[in-house]
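A.B. asks: I have a structure here, written as C-alpha cells, and I will follow up with some questions on it.
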Amino acid sequence: MSNQNKDLKEDKSKFDQCEVIKNKIGELRSELKELKETRLVLEREMQSNHKQLTELNDRIRQSKKAMKENKKEERKALDIGEEDITELKTQIATLKKMNDEDEKKYNKNIKNQEKQIE
C-alpha cells in the first residue's frame, strides 16, 4: 500500500504540476493575444501619425514656397527705377494740372450761378 500511496501522491503532484503549467500556458496565450492587439493598434496609430506628419510637411513646404514668392513680389514692388519715378512725377504733375483746371471751372461755374441768383 505504501508504494501505491507513494505512486498516487507522485501522480497527483505531477497532475497538479500539469494543471499549473496548463494554467500558465493559458495566461501566456491571453497575454500574447493582448500584446498582438496592442501591436496592431499601435501600428494603426503609427500609420495615421505618419500620414499626418507627411501632410504637415507638405503644408510647410507649400507655405515656405509661398513665402518665397511673396518675398520676390515684395522685392519687385520695392524695386522702382529712375524711369518709373520720373513717369510717376509726370503723372502727378498732369493730375495736379487737371485738378487745378477742374477747380477753376468749378469756381467759375459757382460764380456764374451766384450772379444768376442775384
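The opening residue of the sequence shown carries number 509 in the working numbering; numbering runs sequentially from there.
No residue lacks a Cβ here, since even glycine has one placed at the ideal position from N, Cα and C.
Nothing here was measured: the structure is a model prediction, and the numbers come from that model.
1. Among residues of its own chain, excluding the 5 on either side of leucine 550, which ones have a beta-carbon nearer than 8 Å to its beta-carbon?
2. Do you know how far the Cα of isoleucine 600 is from the Cα of aspartate 610?
3. Given this structure, state the Cα-to-Cα distance separating lysine 623 from leucine 603, to the nearest angstrom.
C.D. replies: Walking through what the data contain:
1. Here residue 550 refers to the residue found at position 42 of the sequence shown. Same-chain partners within the cutoff: there are none.
2. For the purposes of this step, residue 610 is taken as residue 102 along the sequence shown, with counting starting at 1. For the purposes of this step, residue 600 is taken as residue 92 along the sequence shown, with counting starting at 1. Between aspartate 610 and isoleucine 600, the C-alpha separation is close to 15 Å.
3. Here residue 623 is taken as the residue at index 115 of the sequence shown, counted from 1. Here residue 603 is taken as the residue at index 95 of the sequence shown, counted from 1. So the alpha carbons of these two residues sit roughly 30 Å apart.
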